[in-house]
Amino acid sequence: MNISIIDRWLKKSLNFLFVSLFILIPFFFTSVNSELFEFNKIILLYSFTILITTLWLTRMILNRQIIFQKTPLDIFLGLFFLSQLLSTLFSIDHHTSLYGYYSRFNGGLFSIISYLLLYWAFVSNADENLVKKILKASLWSASIVAIYGILEHFGHSFSCFMFFGKFDTSCWVQRVQERVFATLGQPNWLASYLALLIPTIFALQLNSEFQSKNPQKSLIKNFKYSFLFVIFFSCLLFTLSRSGFLAFLFSYLVFWITSFFCYSAKIKTFLKPFSSFTLLSLILIFVFGSPFSQINRFFSYKTFFSQKNQSASPPPPSSTPSSFEDGGISESGDIRKIVWKGAWEIFKHYPLFGSGVETFAYSYYNFRPMEHNLVSEWDFLYNKAHNEYLNYLATTGAFGLGTYLLLILFFLYWCFKKILAARQSPLPNNFFWLLGLLSGYLTILITNFFGFSVVIVSLYFFTIPAFVFVLTTPKTTVKVSSSTSSPNFFLLLPFLPGIYLLWSVINLWRADYFYAQGSKFTKLNDFQNAYLSLYKAKNIFPTEPVFLSDLSFITTNLAYLATSQNQQTAGEELISLAINYSDQAYKISPRNLNVLKTRIKVFYALSLIKPEYLNKAIETLNEAIKLAPTDPKLVYNLGLLYNRLGDSNLAIQTIEKSLEMKPNYVDAKNTLSLLYEQAGNKKKALQLLEELIKLAPENAEDFQKRIQNLKNEK
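Residue numbers for the sequence shown follow my numbering, so the first one is 22 and each next one is one higher.
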């Protein structure tokens, strides 16, 4: 077979894979995994990266030359990768740094390697037509996602229909009608995805204005792009994402101001599409509202009509609590400031390489500010800093953030330089494509400031520079031999590691599937089936501490059941097995607070069988407190264990300490009041009960009865 024919087939296959990657990633999720959205997307990303890299290497072997296109970003990408590699080497948890935090996955070293491979594979194999094909395909793919989200807002979720046969939103715990997330998993992630693609709609619209010679066709295209914008922006508004809205607004200004500046002589050509998109934006904000109450107060049809119907009398005072102290919900911005403060403290302790790639969930709790205990999300697990830049600073240090910012700043400079060069052309062939890509890239930088990257956003973050390079650089032609000799054995070499890696990725998915099954059985207290499922997961992926940790807890429950049924031999074996699983998990991930918490549960449950394990539970709990010294729940639980040990004085002292950390801790106050009652300290018990009536008014009747009983006692 002619070598050129094989090479052409390989190039077509690569093109197909790249287009498919951008189409499928947003849609790919299942209902059978522990994490429905991000896990499946990262699995698909790994799979496509392996396939693309395999075909790329095959092209090199076929043509007997290195097909690698150098770009101006190579040095910066290389430095960034070096920072991630060094941070992984010095990480407090190597496993997490390699794979990513379990349940988030994106951001680990393996995912970074995938994005870099995709970048270099694209610039080395793609042409201008492929860039435009991908962007157009991305728009149509995103339009389906946007319609998906719009239907959720009106009470109809395709997810519920696919998985449960009900075309409503009842399958979601989240209030999806209030804040839609479609196939992305969270509203902010959906907003980030839509915001980065909206400027491409503007680019297509302006290209149509400049190039079309047929007014009728131009009108059809204008309607098509206006329709796309309406569904994109409507869905973005339905996410109620403030970061997404701000990113859209900023990119909107950048796109149109730059267009007017660069082509001021043709400003009339811009006025119609600019006016059209601006008017549509204002109408949609007026009808649906924005994520900002400050805007809605003055520019919303609801406010407009409600003001007309209001009487002259002032509104009654609101009875809605405004702070968590009164039972309200803390403002997300206030919580972010606290988390950011903790991220800064991590950096101060790990200044050069950080605590390790994706280890924020472990290092944050070592430096968690005490004021975090006074917000409504005080007991939530934060596995990200909710600011991509601070997250890099905390987990990869000054070197990691420095190389990340250098990469961004150089690309912005280089891209803007290319845009200014492109305006010299009388017909802006690629000018608007470049401007759309730059504007979309800027939205990522803004949404990342208030959150963190997910798979689809990271994919565009690394490939938008590749798109710009391909659009602005003449394609280097690979000299393909016209020989008709038979392809040799070496062509198969890339497929051997490719098949192995692809099977490994499939096994990652299979392991998580069994893990999810085990978790479902655990919730049903079906510990035998839970054990069987988790054992399969562990066999497939034996070094995952999450599997081992959960398996230790399930085995402990089986040990308790066996012992209660007088199966002493089986019980002893299961106890030994449970401790062994817990030891393995702890050895792999000693700074993982969740592993330690499960380990505490294991030893506490085993103490119900053999009391001597209670001391081991206390020992482990003290280890956890060293890792999270400002966590009042750990200190409170330590007090409970001391009480179970029979040391009521130490229990009281410990629980009092938890209340110093969190004065409005209802459970701790309630338990402490009971301990004071038992110790005969009625005065302190009564004082705590009076405070509990204010803190937990829903239980006021029970507290009043206890107060009355204490007062009636002689």
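Where a beta carbon is used, it is the ideal one built from N, C-alpha and C, also for glycine.
Should residue i go down as buried or exposed, given a rule of 16 or more other Cβ atoms within 10 Å for buried?
i	result
Pro632	exposed
Phe39	buried
Gln549	exposed
Trp361	buried
Phe294	This sequence places Pro at residue 294; Phe is not what is there. Pro294 comes out buried.
Glu734	exposed
Ala442	exposed
Trp77	buried
Phe483	buried
His755	The requested residue 755 is not part of the displayed model; the chain covers only 22 to 735.
Tyr521	exposed
Val489	buried
Trp524	exposed
Asn658	buried
Tyr434	exposed
Asp604	exposed
Asn730	exposed
Tell me whether residue i sits in a helix, a strand or coil according to DSSP, three-state version.
i	result
Ser343	At Ser343 the pLDDT is 37, less than 50, meaning the model places this residue with poor confidence; the figure from the coordinates comes in the next sentence. In the structure shown, Ser343 sits in coil (DSSP, three-state: anything other than H, G, I, E or B).
Val53	coil
Pro486	helix
Leu595	helix
Pro294	helix
Val616	helix
Arg665	helix
Asn36	helix
Cys192	coil
Val251	helix
Ser132	helix
Gly375	coil
Between the Cα of residue i and the Cα atoms of the options, which residue gives the shortest distance?
i	options	result
Phe276	Ile87, Thr204, Pro220	Pro220
Leu430	Leu402, Leu459, Ala406, Asn408	Leu459
Glu199	Tyr556, Phe470, Tyr581, Gly310	Gly310
Phe259	Phe291, Lys683, Leu211	Leu211
Tyr607	Glu594, Ile621, Ile596	Ile621
Leu629	Thr584, Leu411, Val656, Pro650	Thr584
Lys369	His407, Glu352, Leu411	Leu411
Ser145	Pro495, Asn613, Lys732, Ala645	Pro495
Leu172	Ala700, Thr204, Ser610, Leu514	Thr204
Ile561	Ala147, Asn587, Asp533	Asp533
Asn738	Leu414, Lys358, Glu379, Leu642	Lying before the first or after the last residue shown, residue 738 is absent from the chain, which here runs from 22 to 735.
Tyr383	Val616, Asn209, Phe282, Phe568	Val616
Whose C-beta lies closer than 8 Å to the C-beta of residue i among residues of the same chain, with five residues either side of it excluded?
i	result
Ser229	Ser239, Lys242, Asn243, Tyr246
Leu83	Ile24, Ile27, Asp28, Leu31, Pro508, Leu512
Ser334	Only weak support exists for where Ser334 lies, its pLDDT of 42 falling under 50; the value from the coordinates is given anyway. Excluding sequence neighbours, Ser334 sits near nothing in its chain.
Tyr552	Gly539, Leu572, Ile575, Thr576, Leu579
What's the gap between the Cα of residue i and the Cα of residue j?
i	j	result
Phe724	Ile133	55 Å
Val194	Phe179	15 Å
Phe320	Ser679	47 Å
Pro338	Gly375	The pLDDT assigned to Pro338 is 39, lower than 50, so where the model puts this residue is not dependable, and the model offers no usable value.
Ser570	Asn720	36 Å
Pro684	Ser55	35 Å
Gln105	Leu267	30 Å
Tyr122	Ile96	28 Å
Pro336	Arg318	In this prediction, Pro336 scores a pLDDT of 42, lower than 50, which makes its location untrustworthy; no coordinate-derived value is stated.
Asn702	Leu635	27 Å
Asp688	Leu65	44 Å
Asn469	Lys557	37 Å
Gln232	Leu402	53 Å
Gly129	Ile527	18 Å
Leu555	Tyr536	5 Å
Ile222	Leu249	7 Å
Gly472	Ser353	11 Å
Phe126	Phe184	24 Å
Give me, in chain order, the residues of the same chain whose beta-carbon lies closer than 7 Å to that of residue i; leave out the 5 immediate sequence neighbours on both sides.
i	result
Leu492	Glu149, Val152, Asn451, Trp454, Leu455
Phe37	none
Thr70	Ser135, Leu138, Leu139
Thr543	Ala551, Ile575
Leu466	Ile429
Leu598	Thr576
Tyr581	Ala626, Leu629, Ile630
Which same chain residues end up closer than 6 Å to residue i when comparing Cβ atoms and leaving out the 5 residues on each side of it in sequence?
i	result
Thr51	Asn61
Ile477	Ile46, Pro47, Tyr214
Phe89	Ser145
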